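*Asks:*
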Amino acid sequence: MRSSIRYIIFPGLIALVIFYLTCIVDVDSIPVPKKVFQYDKLVHFGMFFALSAAVYIDYYLKHKGKPNGYKWLVFGLVIPVIYGGLIEVAQENFFSRSGDWYDFIADAMGSMSATIIALFYVYVKPKQ
C-alpha cells in the first residue's frame, strides 16, 4: 500500500492544481495575452497533457516497465477525460465561471496526445 501511494502523489498534485486553476481562481485575475488565439484552450490542453503524462509515467514505473494496457488507458485517458468533464460541469453550476465544451475538447485532446506518446514509447519504440 505504501509503495502505491508514492505513485499517486504527483498526478494527484497536478489534479489539485488543475482544479484550483480552473474553478477557484477568478477569471479576471488571469493575465491573457491579446494576440494569442484561444490561449485558454492551449492551457487546458497543456494541463491535461501533463496530468495524463504523469499518470502514465508513474503507472509505468510502478509496474516496472510492463503496464497492464487496459488499466493504463483507464487511469491515463478515461479518468482524466471524465475529470475534465466534471470540472466543466462544476464550473457551470457551482463557481463564478462558465463551463465550455471547447475547454472539454481541449482537455480530452491533451489526454489523448499524452496517450499516443505513451503508447508509442511502450509498444512501438524499438527495444534496445
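Numbering that gives the first Met the number 0 puts the first residue of the sequence shown at 0, with every later residue one more than the last. In this text, a Cβ means the ideal position worked out from N, Cα and C, and glycines have one as well. Since the model is a prediction, treat every value here as computed from it, not as a measurement.
#1: Report all residues from its chain with a CB closer than 6 Å to the CB of residue 51; omit the five preceding and five following residues, and keep chain order.
#2: If the criterion is Cβ atoms closer than 9 Å, does the pair residue 17 and residue 58 meet it?
#3: Using C-beta distances below 6 Å, list every residue in its chain close to residue 66, excluding the 5 sequence neighbours before and after it, in chain order.
#4: Determine, using beta carbons only, whether residue 53 and residue 13 come nearer to each other than 9 Å.
#5: Can you tell me whether residue 4 is buried or exposed? The criterion is at least 16 other CB atoms within 10 Å of its CB, across all chains shown.
#6: With a cut-off of 8 Å on the beta carbons, I'd call residue 98 and residue 90 a contact; round off their distance for me.
#7: Assuming residue 6 and residue 61 form a contact by the criterion Cβ under 8 Å, report the distance between their Cβ atoms to the nearest whole angstrom.
#8: Pull up the distance between the alpha-carbon of residue 25 and that of residue 40, whole angstroms please.
*Replies:* So, from the data block:
#1: Answer for residue 51: 75, 79, 110 and 113, listed in chain order.
#2: If you check the CB distance, residue 17 and residue 58 do not come in under 9 Å.
#3: Taken in chain order, the residues that qualify are 58 and 59.
#4: Cβ atoms of residue 53 and residue 13: closer than 9 Å.
#5: By the Cβ-count criterion, residue 4 is exposed, with fewer than 16 other Cβ atoms from all chains shown falling within 10 Å of its own Cβ.
#6: Separation of the CB atoms of residue 98 and residue 90 is rounded to 5 Å, and the pair is thereby assigned contact status at 8 Å.
#7: That pair is a contact at about 4 Å.
#8: CA-to-CA, the gap between residue 25 and residue 40 works out to about 17 Å.
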